[in-house]
Amino acid sequence: MIKEKPIPFYLANEMTSNQVKAGHKFFSQNTEFIKGIKSASDIPSGDYVEVCFSGRSNVGKSSLINNLTGRNSIARTSKTPGRTREINFFLIDNNKFLVDLPGYGFAKASSKERNQWITLVRDYFFQSQNLRRVFLLIDSRHGVKSSDINLMRLLGEAAVIFQVVFTKYDKVKDQEFKEVLASSFDKMACHANAYPEILVTSSRKKHGIEMLRATISELFSS
Ligand code: GDP
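If you're matching positions, the sequence shown starts at 169 in our numbering and goes up one per residue.
In structure tokens:
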């Protein structure tokens with residue numbers, strides 16, 4: 169039997185000043201909310217390049233998108249429900265999308281709601297020809313959960329690469345985070361579509377935001 173090599177995950181830790189500048193420049197461009205969709209038939213048409221954000225409900229996705237774009241409420245945080253069951257499209261500089269997927273993993277969801285989520289998200293992954301990468305947000309306190317693994321599988325089926333971004337890093341102690349990383353890396357290791365570089369962020373303390381901005385700007389410029 170051929171044993172698959174585990175993926176050597178590592179934490180992103182250095183950036184050149186040019187990368188920081190490029191990230192700033194990228195996110196100083198005009199960004200606007202275009203639409204929220206409930207059906208894949210409403211995916212905006214056109215030759216857009218896009219990256220996408222996904223994660224469990226309450227992982228801090230809206231806060232991170234607001235931080236990245238420097239706009240306090242472009243993505244609505246959990247306190248104001250509304251767009252949360254939709255895929256939201258944010259247009260940057262008229263030709264690129266940041267795409268915000270509806271959160272998953274909330275205990276109160278009915279099986280009908282779960283099925284609607286899977287259908288919408290699966291269709292989106294399979295239809296999006298110019299999706300460069302999915303940023304999969306994981307809470308630094310909780311690590312990778314079974315619902316995250318389900319998403320990794322779905323992304324694998326659609327041959328989409330995902331990069332893990334830990335959120336709310338301000339909420340964990342160093343030792344606790346080391347343990348979370350070790351168990352998360354174990355769970356991610358069998359997913360060949362996992363990007364090896366891992367990002368660590370805190371929207372509250374503005375930690376890792378520049379690194380994520382630089383990563384996204386590079387993805388759009390390649
Ligand atoms: P979403 O459901 O994934 O969009 O999550 P939100 O961005 O709405 O955040 C959920 C909750 O976590 C809110 O109460 C936020 O204020 C809080 N939150 C988000 N990011 C951070 C962070 O970096 N640190 C801390 N301590 N709390 C955060």
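Note that CB positions come from ideal geometry on N, CA and C, so glycine has one too.
Could you check the C-alpha separation between residue i and residue j for me, to the nearest Å?
i: S370; j: F221; result: 15 Å
i: N186; j: I366; result: 20 Å
i: P176; j: S352; result: 13 Å
i: A277; j: T184; result: 43 Å
i: F293; j: V328; result: 7 Å
i: E182; j: S389; result: 19 Å
i: H375; j: F334; result: 11 Å
i: A326; j: L266; result: 19 Å
i: R282; j: I202; result: 25 Å
i: R239; j: L179; result: 27 Å
i: G250; j: Y272; result: Note that G250 scores 42 on pLDDT, short of 50, meaning its location in the model is unreliable and no value can be drawn from it.
i: G311; j: G191; result: 27 Å
i: S296; j: R381; result: 22 Å
i: D338; j: D316; result: 21 Å
What do you reckon, are the CB atoms on residue i and residue j nearer than 8 Å?
i: Q331; j: R301; result: yes
i: L288; j: A208; result: yes
i: K206; j: E254; result: yes
i: L259; j: E200; result: yes
i: V227; j: I306; result: yes
i: S196; j: F274; result: no
i: N263; j: G204; result: no
i: N298; j: Y216; result: yes
i: E378; j: V188; result: yes
i: D261; j: N198; result: yes
i: R290; j: L322; result: yes
Any chance the CB of residue i is under 7 Å from a heavy atom of the ligand GDP?
i: V267; result: no
i: D338; result: yes
i: N361; result: no
i: N298; result: no
i: R372; result: yes
i: E223; result: Note that residue 223 is Gly in the sequence shown here, rather than Glu. Flag set: Cβ of G223 near the ligand GDP.
i: V219; result: no
i: K229; result: yes
i: T237; result: no
i: G271; result: yes
At the 8 Å Cβ level, is residue i part of the contact set with chain D, yes or no?
i: E365; result: Here chain D cannot be found, since the structure has a single protein chain.
Run through the DSSP bridge pairs and tell me what residue i is partnered with.
i: Y363; result: Looking at the DSSP assignment, Y363 forms no beta bridge with any residue, so it has no partner.
i: D307; result: T335
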